[in-house]
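Colleague:
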Amino acid sequence: MGEHVPLLEVKNVKKYFKVSSGWNHAVDDVSFTLERGRTIGVVGESGCGKSTLGRIICRLLDATDGQVLLNGEDITHAKGAKLKKIHEKIQIVFQDPYSSLNPRLRIESTVMEPLKNSHRFTSAKAMNEEANKIMELVGIDERLRQSYPHELDGGRRQRVGIARALALNPDVIVCDEPVSALDVSVQAQILNLLMDLQEKMGSAYIFVTHDLGVVRHIANDIMVMYLGQAVEIAPTEVLFKRTLHPYTKALFSAIPSTNIHEPMQRIQLKGEITNPINPKPGCVRADKSSCSRCPSPAAASPPAASTPRKPASSRRCWKRWNRTTSCSAAAIKRSTIEKGREKRLWNWFMTRANTAF
Ligand SMILES: Nc1ncnc2c1ncn2[C@@H]1O[C@H](COP(=O)(O)OP(=O)(O)OP(=O)(O)O)[C@@H](O)[C@H]1O
Ligand SMILES: [Mg+2]
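Going by the working numbering, the first residue of the sequence shown is number 5, and it counts up by one from there.
What follows is the structure, given as structure tokens:
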């Protein structure tokens, strides 16, 4: 039997930007895999490299080192016609739908643009029909199709951004904070839409967000990034049951509790926060005052976290670094995790709605 080839494989990807004082390690040795029809959430504080990683995967930026494989084919250095094909297969939805749409193009033309550029259609009629089908799928009313972006509200504009990304039925869609500029009721509509479309079309999503509430409801797996590194990767249910890396622990401790009997216990990371510019080798939390796991603060970096094979967590940590650490939630089967997704979205919306109004 042939070896299984994942839809997307990111292998030890690095992106260093030259700055006046040296090199900014924006993405530093990140590896993960993504299967068709699944979603990986990418979380972490501002500037940890989430968008840079997304842009490398879309081939809007070149990686400094490492590989990106789509269906087993190395696309890291693709150029010309091959790059054009990759841009059709990997699409991006941006945070701000207004600035990512051409203000001079009507909605219909915006959705039609990728169809035109692909040269897949022999007649204008067939292209029009396809554009109408996509707009219907994402819920853009017929009356709005001749409007300009400035005439629409944020939620409808984001639907146009999603329609444009979906037009060529891509394998992978990078959603870079697609709902953070929208109000809570529209957020739920767009998240539901993305989940419905994934079911219908089978695309895989890389969902970049700051919002742990959103990622919990939409992602199958979560990758936690810190200073350009993936410090922990785990199935969503597992990560919300138990966090392993000190940074993930601190990040998750900031989630407000709605249970008055379980007040928040915020963990403050102590010690110096490593600078992404010319970082020293070693663990990002190597400072002894915040973590006692490292053999020596000056030790080489611990091996990168990668997508675990079973429902378990993989973390970038010296402690038990040489195996993925399963936790008490390891008994959770993936099928149970999938079923919970829809129910959680509704619960999330109700919690948000109660807080917001
Ligand atoms: N074109 C660029 N040139 C130089 N440095 C850059 C460039 N793009 C990003 N960076 C730097 O790379 C690091 C990661 O930036 P990135 O935008 O990926 O972070 P992010 O996690 O998406 O942040 P946010 O959550 O605020 O969107 C930052 O230190 C940023 O200053
Ligand atoms: Mg970003």
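Yeah, the Cβ is synthetic: ideal placement off N, Cα and C, and Gly gets one too.
Cα separation between Ser318 and Ala309?
Modeller: 5 Å
Colleague: Under 7 Å Cβ to Cβ from Ser104, same chain only, skipping five residues before and after it: list those, please.
Modeller: Phe98, Gly165
Colleague: Do you know how far the Cα of Thr126 is from the Cα of Pro239?
Modeller: 44 Å
Colleague: To the nearest angstrom, report how far apart Ile226 and Pro101 are at their CA atoms.
Modeller: 24 Å
Colleague: Could you check if Thr262 is buried or exposed, using at least 16 other CB atoms within 10 Å of its CB as the buried criterion?
Modeller: exposed
Colleague: Does at least one heavy atom of ligand 1 sit under 6 Å from the Cβ of Ser103?
Modeller: no
Colleague: May I ask you to check if the CB of Cys62 is nearer than 6 Å to at least one heavy atom of ligand 1?
Modeller: no
Colleague: Which same chain residues end up closer than 7 Å to Glu112 when comparing Cβ atoms and leaving out the 5 residues on each side of it in sequence?
Modeller: Ala135, Arg149, Gln150
Colleague: Quick one, which of Asn282, Asn279, Tyr251 has its alpha-carbon nearest Gln272's?
Modeller: Tyr251
Colleague: Measuring alpha carbon to alpha carbon, tell me which residue in Gly217, Ala82, Asp157, Ala30 is nearest Gly58.
Modeller: Residue Ala30 holds the alpha-carbon nearest to the alpha-carbon of Gly58 among Gly217, Ala82, Asp157, Ala30.
Colleague: Any chance the CB of Thr56 is under 6 Å from a heavy atom of ligand 1?
Modeller: yes
Colleague: Given that a residue counts as buried once 16 or more other Cβ atoms are within 10 Å of its Cβ, and exposed if not, what is Arg63?
Modeller: buried
Colleague: For the alpha helix (DSSP H) holding Asp200, just list the boundary residues, first then last.
Modeller: 188 to 205
Colleague: With respect to 6 Å, is the separation between the Cβ of Phe211 and the closest non-hydrogen atom of ligand 1 below this value?
Modeller: no
Colleague: Reducing DSSP to helix, strand and coil, say where Leu170 ends up.
Modeller: helix
Colleague: Mapping the DSSP letters down to three states, classify Asn224 as helix, strand or coil.
Modeller: The answer is coil: DSSP assigns Asn224 none of H, G, I, E or B.
Colleague: When DSSP labels each residue in this structure, what does Thr4 get in the three-state scheme?
Modeller: In this structure the chain extends from 5 to 361, so residue 4 is not present and cannot be described.
Colleague: Does DSSP put Arg163 in a helix, a strand or coil?
Modeller: helix
Colleague: Leaving out five residues on either side along the sequence, give the residues of the same chain with a beta carbon under 6 Å from the beta carbon of Val190.
Modeller: Result list for Val190: Gly159, in chain order.
Colleague: Would DSSP call Phe98 helix, strand or coil?
Modeller: coil
Colleague: Is the beta carbon of Asp175 less than 7 Å from the beta carbon of Leu11?
Modeller: yes
Colleague: Taking the straight line between their C-alpha atoms, what separation do you get for Ala185 and Leu87?
Modeller: 30 Å
Colleague: Assuming Leu74 and Lys54 form a contact by the criterion Cβ under 8 Å, report the distance between their Cβ atoms to the nearest whole angstrom.
Modeller: 20 Å between Cβ atoms; not a contact.
Colleague: Could you compute how far the alpha carbon of Lys284 sits from the alpha carbon of Ala85?
Modeller: Going from the Cα of Lys284 to the Cα of Ala85 covers about 40 Å.
Colleague: So, are the CB atoms of Gln95 and Ile177 less than 7 Å apart?
Modeller: yes
Colleague: Any beta-carbon of chain B closer than 7 Å to the one on Ile166?
Modeller: In the structure shown, chain B does not exist; there is a single protein chain.
Colleague: Take the Cβ of Asn224 as the centre, count every other Cβ of all protein chains shown within 10 Å, and call the residue buried at 16 or more, exposed below.
Modeller: buried
Colleague: Three or more C-beta pairs closer than 8 Å, one from the stretch 207 to 223 and one from the stretch 40 to 49: is that the case here?
Modeller: yes
Colleague: Using the C-alpha atoms, what's the distance from Glu39 back to Val9?
Modeller: The alpha-carbon atoms of Val9 and Glu39 are separated by roughly 9 Å.
Colleague: May I ask you to check if the CB of Gly53 is nearer than 6 Å to at least one heavy atom of ligand 1?
Modeller: Gly53 Cβ: within cutoff of ligand 1.
Colleague: My understanding is that Ile264 touches Thr311, with C-beta atoms under 8 Å, so please give their C-beta distance in whole angstroms.
Modeller: Cβ atoms of Ile264 and Thr311 stay farther apart than 8 Å, at about 37 Å.
Colleague: Does any heavy atom of ligand 1 sit closer than 6 Å to the C-beta of Val21?
Modeller: According to the sequence shown, residue 21 is Phe rather than Val. At least one heavy atom of ligand 1 falls within 6 Å of the beta-carbon of Phe21.
Colleague: Relative to the C-alpha of Thr68, which candidate in Val228, Pro280, Lys19, Ala254 has its C-alpha closest?
Modeller: For Thr68, the closest C-alpha among the options Val228, Pro280, Lys19, Ala254 is that of Lys19.
Colleague: Alpha carbon to alpha carbon, how far is Glu155 from Arg220? Give it in angstroms, no decimals.
Modeller: 33 Å
Colleague: Can you have a look at Asn173 and say buried or exposed, based on whether 16 or more other CB atoms are within 10 angstroms of its CB?
Modeller: exposed
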